[in-house]
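Worksheet: one structure, shown below.
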Amino acid sequence: MLTGDRRIGKTTVCDAACDQVQRDGMVVVEIEVPERPDASALLQLVVDRCSRISLAATGRRMLRAARPLIEKVLRDEGIPLDLGQLGPEPGALPTRALLSLPSRLAEEAGEPVVFFLDELQRAVDYADGEQVLGDLVDLYGGATDVVVLVDGSKERALEGMLGAPVQFGKLCDRLSLEPRIPTYTWRESLPGRFRQAGLEVQPEALEALVTFGDGRPYATMTAARYAALNARKLGSEIIGAFEAQEGVAEARRHLEEDA
Amino acid sequence: MLPRPGATLRKMPDPALLQTGNAEVLTGRLAEYRELVDLLAERPGLTVITADPWSGTSDLLGAAIEELDGARVSVDARACADSLDLAMAIADMTVTQLAPDAAAWWMRTAPPAGAAGLRLARRLGREGVDLDDLRLGGGPGERRLAEAMELLVALAGGDAVLAVDHLGLVLSALPAHEARQLLGELRAARRRHPGLDLVLVEHPDGPVSSALADSGHPLYRAGQLLRFRRPRPARFLGDLAVTRPWTDGPVELIGAAAELAGGVPALTWRVLELAPSDGEDDHTRALSGWRRLRRMTAAQTARQWDLLRRVHPIAQPVVAAMSVGLRPHAVAANSKSINDALSRLRELGAAWQPEPRRWALGDPLLAAWVRDHAPPWTARRRP
Numbered sequence: 000m001l002t003g004d005r006r007i008g009k010t011t012v013c014d015a016a017c018d019q020v021q022r023d024g025m026v027v028v029e030i031e032v033p034e035r036p037d038a039s040a041l042l043q044l045v046v047d048r049c050s051r052i053s054l055a056a057t058g059r060r061m062l063r064a065a066r067p068l069i070e071k072v073l074r075d076e077g078i079p080l081d082l083g084q085l086g087p088e089p090g091a092l093p094t095r096a097l098l099s100l101p102s103r104l105a106e107e108a109g110e111p112v113v114f115f116l117d118e119l120q121r122a123v124d125y126a127d128g129e130q131v132l133g134d135l136v137d138l139y140g141g142a143t144d145v146v147v148l149v150d151g152s153k154e155r156a157l158e159g160m161l162g163a164p165v166q167f168g169k170l171c172d173r174l175s176l177e178p179r180i181p182t183y184t185w186r187e188s189l190p191g192r193f194r195q196a197g198l199e200v201q202p203e204a205l206e207a208l209v210t211f212g213d214g215r216p217y218a219t220m221t222a223a224r225y226a227a228l229n230a231r232k233l234g235s236e237i238i239g240a241f242e243a244q245e246g247v248a249e250a251r252r253h254l255e256e257d258a
Numbered sequence: 000m001l002p003r004p005g006a007t008l009r010k011m012p013d014p015a016l017l018q019t020g021n022a023e024v025l026t027g028r029l030a031e032y033r034e035l036v037d038l039l040a041e042r043p044g045l046t047v048i049t050a051d052p053w054s055g056t057s058d059l060l061g062a063a064i065e066e067l068d069g070a071r072v073s074v075d076a077r078a079c080a081d082s083l084d085l086a087m088a089i090a091d092m093t094v095t096q097l098a099p100d101a102a103a104w105w106m107r108t109a110p111p112a113g114a115a116g117l118r119l120a121r122r123l124g125r126e127g128v129d130l131d132d133l134r135l136g137g138g139p140g141e142r143r144l145a146e147a148m149e150l151l152v153a154l155a156g157g158d159a160v161l162a163v164d165h166l167g168l169v170l171s172a173l174p175a176h177e178a179r180q181l182l183g184e185l186r187a188a189r190r191r192h193p194g195l196d197l198v199l200v201e202h203p204d205g206p207v208s209s210a211l212a213d214s215g216h217p218l219y220r221a222g223q224l225l226r227f228r229r230p231r232p233a234r235f236l237g238d239l240a241v242t243r244p245w246t247d248g249p250v251e252l253i254g255a256a257a258e259l260a261g262g263v264p265a266l267t268w269r270v271l272e273l274a275p276s277d278g279e280d281d282h283t284r285a286l287s288g289w290r291r292l293r294r295m296t297a298a299q300t301a302r303q304w305d306l307l308r309r310v311h312p313i314a315q316p317v318v319a320a321m322s323v324g325l326r327p328h329a330v331a332a333n334s335k336s337i338n339d340a341l342s343r344l345r346e347l348g349a350a351w352q353p354e355p356r357r358w359a360l361g362d363p364l365l366a367a368w369v370r371d372h373a374p375p376w377t378a379r380r381r382p
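Note that the protein sequences, when read in sequence, are chains X and Z.
Here the first sequence stands for residues 0 to 258, where the numbers follow numbering that gives the first Met the number 0.
Here the second sequence stands for residues 0 to 382, where the numbers follow numbering that gives the first Met the number 0.
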């Protein structure tokens, strides 16, 4: 469970980790937990994502049969692919069977599956949120074939998940993401990021951006984006002191408006 | 997010723009147009435009999107009541623009087993996009909205720009939780498809721009905000230095028309069209054109006034006050009701704020009509 303030890059870190393990052959079931009164939309997303994984991995022999597998599992449980057919009552949903679908994928693939739930704290507010979170703990608390990756930002809601009765701590280790990235990391990596966008950043411009950002990801990237945009507008491929200075000024206005 | 690596969309260089320019769209809006094209070409992910009513932003956006390379789809959300309508509008426009041979099948005006339709269904089926509910409009709107995005990305081959104009109107009319869900779905779709760029247009201080600054909202700091104001009439004259080759209208006449039309680009050019070809001077000709325009639209404008009764119980008095130069709060009603009425009128584009703490009517034709037909009480309170 990766936690921290909003817009500091939690999801980016999780996405990067998921990309890496996907390249290593693991299957990732990624879901952004929706804001809804109950879990029906979340569970529908679990069904949809699991059903589609076979198509995304057409070339991979191990998962070629995944869609029939998911359909078979659901049929055996008497669950339609469209959960809307089950009726509007939250209690009518076979929550546990649906949340276990990533585990069935893992069995079929013979590889661990990463079950990434972005902004899971939203489930705390579901009418049946306690049941969903409790089922996740029961299903995956001792499992080794499914890695549950969670990120969330609302501190109070996350605290609520970790305590009784959900005891989410049995399922996840909590990692707190620092709100700042050290400035030396920015100095090392930002020029490469500009190069990817076809731009060169001059040392004094880089220093201006890094100093303004003071390690804060959103502020640094906002200034970098405006500096890059300035260079493009001026038809230049080089970000010099002028472009950076104007970029910082625009980022400062942007952040003030946000506040 | 920095400009996307290697994904900068091609845009025409300025000299090419000069050849293909459109005076009606660009005069008075040249700076905004360039800003928009520069920004969209960098693929910023999510761009939110808040635009004053009657500011010409729809045409400007259409022209800017046309300037970009690659798949792009524009939807006018005014026809949509909820997320299901929006999903279907996006899907309809996507098929029409990106798979035109299947459009008749999609709209069910061609045989159900038509070859183009079968090809489209097979292609999307391979990518896991189920078309039936989206095509027929069944089931939950948020799910269909996600499918519409899948459809767009699949037909575009991964990279696409989707512009939703007048989204603020839809969101303002929805219950708050439904508007939040709709925006949450758009944000989730953006995350699922990094090649999808969204451009959302709404009125100033609308729900999308508010969401960008709300740390509890799914859309918090998720995109770039652009603020487009209605051009001041003087901007028309300034921009004519560049757009002059695309119009044969006399400069003075255009300037006078822009003044009469309160800087509304669409009305400025209609005044120009209706102005007599000869006459005393350009100001008199522009005034003749403006009067003709008012005569031609008088019946519809009167109906617009009638319909205000259903917008809010005190919408008519508030509009009457603004039309004669009174503050909205000069109306004999409590402040909360007046603020509610202003809020409703702003959502509909009927009222706007040219500057902080000053309100004006969005439509200069309505303002002029109401001035001529003002309720009796306004005569006793005029400043």
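For every residue, glycine included, the Cβ atom is placed at its ideal position computed from N, Cα and C.
Note that the structure is predicted; figures quoted are calculated from it, not measured.
For Val72 of chain Z and Leu161 of chain Z, believed in contact at Cβ under 8 Å, the rounded distance: The residue you call residue 161 of chain Z lines up with position 162 of the second sequence. The residue you call residue 72 of chain Z lines up with position 73 of the second sequence. Rounded, the Cβ-Cβ distance is 5 Å, consistent with contact.
message: With a threshold of 7 Å on Cβ separation, who are the neighbours of Leu170 of chain X within its own chain once the five nearest residues in sequence on each side are excluded?
response: In the first sequence, residue 170 of chain X corresponds to position 171, counting from 1. Excluding its 5 nearest sequence neighbours in each direction, Leu170 of chain X has C-beta neighbours in its own chain below 7 Å: Leu135, Val136, Tyr139, Gly140, Val147, listed in chain order.
task: Using beta-carbon positions only, say whether Ala252 of chain Z and Leu239 of chain Z come within less than 8 Å of one another.
output: Looking up residue 252 of chain Z in the second sequence gives position 253. Looking up residue 239 of chain Z in the second sequence gives position 240. For clarity, residue 252 of chain Z is Leu in the given sequence; the question names Ala instead. Result no, Cβ atoms of Leu252 of chain Z and Leu239 of chain Z do not sit closer than 8 Å.
Members of the region 14-31 of chain X that neighbour chain Z once the beta carbon cut-off is set at 7 Å: Glu31
- request: On the DSSP bridge assignment, give the partners of Ala162 of chain Z in chain order.
  value: Numbered from 1 along the second sequence, position 163 holds the residue referred to as residue 162 of chain Z. Answer is Z:Ser73, Z:Val198, bridged to Ala162 of chain Z.
task: Let me know the secondary structure DSSP gives Asp117 of chain X once reduced to three states.
output: Numbered from 1 along the first sequence, position 118 holds the residue referred to as residue 117 of chain X. Three-state DSSP puts Asp117 of chain X in a strand.
query: Counting only beta-carbon atoms, is Pro260 of chain X nearer than 8 Å to chain Z?
result: Outside the displayed span of chain X (0 to 258) sits residue 260 of chain X, for which this structure offers no information.
- request: Please confirm if Asp344 of chain X has its CB atom under 8 Å from at least one CB of chain Z.
  value: Summary: the structure shown does not reach residue 344 of chain X, with chain X confined to residues 0 through 258, and so no result is reported for it.
- prompt: Is any beta-carbon of chain X found at less than 8 Å from that of Leu83 of chain Z?
  reply: Residue numbering aside, residue 83 of chain Z sits at position 84 when the second sequence is read from its first letter. No - not a single Cβ of chain X is within 8 Å of the one on Leu83 of chain Z.
query: Comparing alpha-carbon positions, which option in X:Leu174, X:Arg22, X:Leu132 lies nearest Ala163 of chain X?
result: Taking the first sequence and counting its residues from 1, the one referred to as residue 163 of chain X is at position 164. Measuring from the Cα of Ala163 of chain X, the nearest candidate turns out to be X:Leu132.
query: Any beta-carbon of chain Z closer than 8 Å to the one on Lys232 of chain X?
result: Indexing the first sequence from 1 puts residue 232 of chain X at position 233. Judged by the 8 Å Cβ criterion, Lys232 of chain X is in contact with chain Z.
task: Run down chain X in chain order and give the residues with a C-beta less than 9 Å from the C-beta of Tyr32 of chain Z.
output: Looking up residue 32 of chain Z in the second sequence gives position 33. Result: empty, since nearest Cβ-Cβ is about 13 Å, beyond 9 Å.
- prompt: Between which two residues does the beta strand (DSSP E) carrying Phe227 of chain Z extend?
  reply: As a first step, residue 227 of chain Z is located in the second sequence; it is residue number 228 there, counting from the start. First-last of the beta strand (DSSP E) with Phe227 of chain Z: 223-227.
message: Once the 5 residues before and after Val369 of chain Z are set aside, which same chain residues still bring their CB inside 7 Å of it?
response: As a working note, residue 369 of chain Z is residue 370 in the second sequence. Excluding residues within five positions, the ones whose Cβ falls inside 7 Å are Trp304, Val318, Ala319, Ser322.
message: Let's test the definition: count the other Cβ atoms within 10 Å of the Cβ of Val19 of chain X and tell me whether it reaches 16, buried, or not, exposed.
response: The residue labelled residue 19 of chain X in the question sits at position 20 within the first sequence. Note that residue 19 of chain X is Gln in the sequence shown here, rather than Val. So Gln19 of chain X counts as exposed.
- prompt: Quick one: is Ser208 of chain Z buried, meaning 16 or more other Cβ sit within 10 Å of its Cβ, or exposed?
  reply: The sequence position of residue 208 of chain Z within the second sequence is 209, counting from 1. Ser208 of chain Z comes out buried.
task: Please report the residue range of the alpha helix (DSSP H) in which Glu107 of chain X lies.
output: Locating residue 107 of chain X in the first sequence gives position 108, counting from the first residue. Element bounds for Glu107 of chain X: 100-108.
task: Please look up how many angstroms separate the CB atoms of Ala227 of chain X and Leu205 of chain X, rounded, as I've assumed it's under 8 Å.
output: The count along the first sequence starts at 1 and reaches residue 227 of chain X at position 228. The count along the first sequence starts at 1 and reaches residue 205 of chain X at position 206. At roughly 12 Å, the Cβ-Cβ gap does not stay under 8 Å, so Ala227 of chain X and Leu205 of chain X are not in contact.
query: Roughly how many whole angstroms lie between the Cα atoms of Glu279 of chain Z and Ala88 of chain Z?
result: By one-based count along the second sequence, residue 279 of chain Z stands at place 280. By one-based count along the second sequence, residue 88 of chain Z stands at place 89. Distance between the alpha carbons of Glu279 of chain Z and Ala88 of chain Z is about 49 Å.
task: Could you check the C-alpha separation between Met92 of chain Z and Trp105 of chain Z for me, to the nearest Å?
output: Locating residue 92 of chain Z in the second sequence gives position 93, counting from the first residue. Locating residue 105 of chain Z in the second sequence gives position 106, counting from the first residue. So the alpha carbons of these two residues sit roughly 10 Å apart.
- prompt: Quick one: what does DSSP say Ser175 of chain X is sitting in, helix, strand or coil?
  reply: Here residue 175 of chain X corresponds to residue number 176 of the first sequence, with the count starting at 1. Secondary structure of Ser175 of chain X (DSSP, three-state): strand.
message: Counting only Cβ pairs nearer than 9 Å, list the residues of chain Z close to Tyr217 of chain X.
response: Start at 1 with the first residue of the first sequence, and residue 217 of chain X comes out as number 218. Residues of chain Z whose Cβ lies closer than 9 Å to the Cβ of Tyr217 of chain X are, in chain order, Arg220.
Straight-line gap, Glu118 of chain X to Asp124 of chain X (C-alpha atoms, nearest Å): In the first sequence, the residue the question calls residue 118 of chain X occupies position 119. In the first sequence, the residue the question calls residue 124 of chain X occupies position 125. Near 12 Å, if we compare the C-alpha coordinates of Asp124 of chain X and Glu118 of chain X.
message: For a test of the three-state rule: what should DSSP assign to Arg189 of chain Z, helix, strand or coil?
response: As a working note, residue 189 of chain Z is residue 190 in the second sequence. Correct three-state label for Arg189 of chain Z: helix.
Beta carbon proximity, Gly259 of chain X to chain Z, threshold 8 Å: Outside the displayed span of chain X (0 to 258) sits residue 259 of chain X, for which this structure offers no information.
- request: Select from Z:Gln180, Z:Asp58, Z:Ala260, Z:Tyr32 the residue whose C-alpha is nearest the C-alpha of Ala210 of chain Z.
  value: Here the question's residue 210 of chain Z lines up with position 211 in the second sequence. Checking every option, the nearest Cα to that of Ala210 of chain Z belongs to Z:Gln180.
message: With the cut-off set at 8 Å, would you say Ala147 of chain Z and Ala101 of chain Z are in Cβ contact?
response: Within the second sequence, the letter at position 148 stands for residue 147 of chain Z. Within the second sequence, the letter at position 102 stands for residue 101 of chain Z. Cβ atoms of Ala147 of chain Z and Ala101 of chain Z: not closer than 8 Å.
message: Taking a contact to mean a Cβ-Cβ separation below 8 Å, would you say Val72 of chain X touches Leu116 of chain X in this structure?
response: Residue mapping note: residue 72 of chain X aligns to position 73 of the first sequence, counting from 1. Residue mapping note: residue 116 of chain X aligns to position 117 of the first sequence, counting from 1. One thing to note: Val72 of chain X has its Cβ no nearer than 8 Å to the Cβ of Leu116 of chain X.
task: Below 8 Å on the Cβ atoms is my guess for Leu67 of chain Z versus Leu39 of chain Z; work out the distance and round it to an integer in Å.
output: For the purposes of this step, residue 67 of chain Z is identified with residue 68 of the second sequence, where counting begins at 1. For the purposes of this step, residue 39 of chain Z is identified with residue 40 of the second sequence, where counting begins at 1. Going by Cβ atoms, the distance from Leu67 of chain Z to Leu39 of chain Z rounds to 6 Å, so yes, they are a contact pair.
field: Reference Glu31 of chain Z, options Z:Pro327, Z:Ala255, Z:Phe227, closest by Cα
entry: The sequence position of residue 31 of chain Z within the second sequence is 32, counting from 1. Checking every option, the nearest Cα to that of Glu31 of chain Z belongs to Z:Phe227.
Cβ-based contacts, 9 Å cut-off: residues of the region 86-107 of chain Z near chain X: none
query: Within 10 angstroms of its Cβ, does Asn333 of chain Z collect 16 or more other Cβ (buried), or is it exposed?
result: By 1-based counting over the second sequence, the position of residue 333 of chain Z is 334. Flag for Asn333 of chain Z reads exposed.
- prompt: For Ala15 of chain Z, which three-state DSSP category applies?
  reply: Within the second sequence, residue 15 of chain Z is the residue found at index 16, counting from 1. Because Ala15 of chain Z sits at a pLDDT of 45, beneath the cut-off of 50, its placement in the model cannot be relied upon, and the following sentence gives the value as read from the coordinates. The answer is helix: DSSP assigns Ala15 of chain Z an H, G or I state.
- prompt: Looking at C-alpha atoms only, which residue of Z:Ile64, Z:Trp289, Z:Leu117, Z:Pro249 is the closest neighbour of Asp196 of chain Z?
  reply: Counted from its first residue, the second sequence places residue 196 of chain Z at position 197. Per the Cα distances, Z:Ile64.
- prompt: What are the start and end residues of the alpha helix (DSSP H) that includes Val152 of chain Z?
  reply: Looking up residue 152 of chain Z in the second sequence gives position 153. The continuous alpha helix (DSSP H) containing Val152 of chain Z extends over residues 140-155.
- prompt: Roughly how many whole angstroms lie between the Cα atoms of Ala218 of chain X and Ala40 of chain X?
  reply: On the first sequence, residue 218 of chain X is found 219 positions in, with the first residue counted as 1. On the first sequence, residue 40 of chain X is found 41 positions in, with the first residue counted as 1. Those two C-alpha atoms are separated by around 34 Å.
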